[in-house]
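Since the structure comes first, as structure tokens, the remarks are kept for the end.
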Amino acid sequence: MKDVYIVAAVRTPIGDFNGELASKSVVDLGCVVTEEVIKRAGIDKCCIQEVVAGMIYKAGQKGNPARQIQIRCQLPASGYACTIDQQCGSGMRAMEAISEKIMLGKTDVGIAIGMESMSNAAYVLNNVRNLRMGDTTLSDSITLDGLNCAICNYHMGVTAENLAEKYDISRQEQDKLALLSHERALKAQQEGKFQEEIVPVEIKDRKGTITSVDKDEHPKKTTMETLARLKTVFKKDGTVTAGNASGINDGAAALVLMSEEAVKKYNVKPIAKIKGIASVGVEPQFMGIGPVFAIPKALEYAKLTMNDIGYFEINEAFAAQFLACNKELKLNMEKVNANGSGIALGHPVGATGVRIIVSLIYEAKRRNVKYGVASLCVGGGPGIASVIEIM
2 MKDVYIVAAV RTPIGDFNGE LASKSVVDLG CVVTEEVIKR AGIDKCCIQE VVAGMIYKAG
62 QKGNPARQIQ IRCQLPASGY ACTIDQQCGS GMRAMEAISE KIMLGKTDVG IAIGMESMSN
122 AAYVLNNVRN LRMGDTTLSD SITLDGLNCA ICNYHMGVTA ENLAEKYDIS RQEQDKLALL
182 SHERALKAQQ EGKFQEEIVP VEIKDRKGTI TSVDKDEHPK KTTMETLARL KTVFKKDGTV
242 TAGNASGIND GAAALVLMSE EAVKKYNVKP IAKIKGIASV GVEPQFMGIG PVFAIPKALE
302 YAKLTMNDIG YFEINEAFAA QFLACNKELK LNMEKVNANG SGIALGHPVG ATGVRIIVSL
362 IYEAKRRNVK YGVASLCVGG GPGIASVIEI M
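First residue of the sequence shown: 2, per the numbering used here; consecutive thereafter.
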């Protein structure tokens, strides 16, 4: 099997729901990171053989957004393009799809994109083609196609409550993690840590004035007292609140992946190597525990152990979910999510699987770490994880 190299990695800032990036469609955001990641790779567009994009909210975005990006960015029309939905794992699955083709010798250069514009998620009228008389229901695709579990038929927040109960995780523990996430993200912003990984997004207002968005919108100054005042959302006498859950957000991230032959042919310097990717299913009602099982499997593929890993990015879908995972994984918090995660930065669901790879690469490089792991839970039960070697 051939090795797979990451030659460039970038993301947009993450916008709040109906926030600074709301005027941009998911394809717009995908084009921004595609253009920038090619530029950073230092290669010509004609080299790109395929584009795979992960996202959830495709309704109303027209067919195959990956192909739209490919053509809009003037990549070769002869190339392959497809759009993948594996819920929160969509972006990482896009990376895996290209990686597998490179490993098999079926392609040499591809772009993996994770992207989502939750601000532009459609409302849906089901069964109206058969409606003769009477009322019908307008459904919000944000919940219908993503935030509600299609198997359990309840909100993902209930799965977090299930884990909080199973692992005896208190409201205070969850709020404490949420506060840490925001503090770390704000500190990283102040220190300019995100500048290298972010490509600014230009926004034109109604008057034609262009502004550049170059900063994550979601991190906030907060306190334990403020978080404690928030009402629980998903369960009577529960523990999960809007404050200790991830945000509803917009954003995109992209990677250029190459075979070793392409690296030599185009005389580029890789920034990382993919050592292993794995998905493992868990019971849907406890979907947040997925990383506990996906990480060991990815390490097995990489022929490494937990002791070899110097840094982790594990998405905070919910504080309860992350804390449950860490009760099993027992990670040193100094080596995990150093600059905040889903609670503070936000969770544009289809984008996050690539976003955490991007953030992992830049932070691990700052720390002079050789191996890192990125992982996230996935709606419906699969967990997905990647082992990355920093070069």
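We put the CB at the ideal spot given by N, CA and C, even for glycine.
The structure presented is a predicted model; accordingly, all values stated were derived computationally and were not measured.
Item	Value
Going by C-alpha distance, which of 170, 305, 190, 56 is nearest residue 143?	56
Which word fits residue 89, buried or exposed, when buried means at least 16 other C-beta atoms lie within 10 angstroms of its C-beta?	buried
Can you check the region 30-71 for any alpha helix (DSSP H) of at least 4 residues that lies completely inside it and give the ranges in chain order?	none
Under 7 Å Cβ to Cβ from residue 32, same chain only, skipping five residues before and after it: list those, please.	70, 73, 74
If you draw a straight line from the alpha carbon of residue 34 to that of residue 15, how long is it in whole angstroms?	12 Å
Grouping DSSP H, G and I as helix and E and B as strand, with all else coil, what is residue 314?	strand
How about residue 278 and residue 120: do their beta carbons lie closer than 9 Å?	no
What residue from 208, 269, 383, 164 has the CA that sits closest to residue 236's CA?	164
Would you kindly work out how many angstroms separate the C-alpha atoms of residue 321 and residue 313, rounded to a whole number?	18 Å
Pull up the distance between the alpha-carbon of residue 385 and that of residue 30, whole angstroms please.	24 Å
Assuming residue 359 and residue 291 make a contact with CB atoms under 8 Å, what is their CB distance in whole Å?	Residue 359 to residue 291, Cβ: 21 Å. No contact.
Could you check which residue in 190, 13, 104 has the C-alpha nearest to that of residue 3?	104
How is residue 349 classed by DSSP in three states: helix, strand or coil?	coil
Determine the closest residue to residue 118 out of 227, 20, 230, 221, with distance taken between C-alpha atoms.	20
Looking at C-alpha atoms only, which residue of 220, 199, 275, 176 is the closest neighbour of residue 231?	176
Taking Cβ positions, are residue 295 and residue 317 nearer each other than 9 Å?	no
Expressed to the nearest angstrom, what Euclidean distance is found between the alpha-carbon atoms of residue 189 and residue 338?	11 Å
Is the Cβ-Cβ distance between residue 217 and residue 347 less than 9 Å?	yes
By how many angstroms is the C-alpha of residue 161 removed from the C-alpha of residue 381?	13 Å
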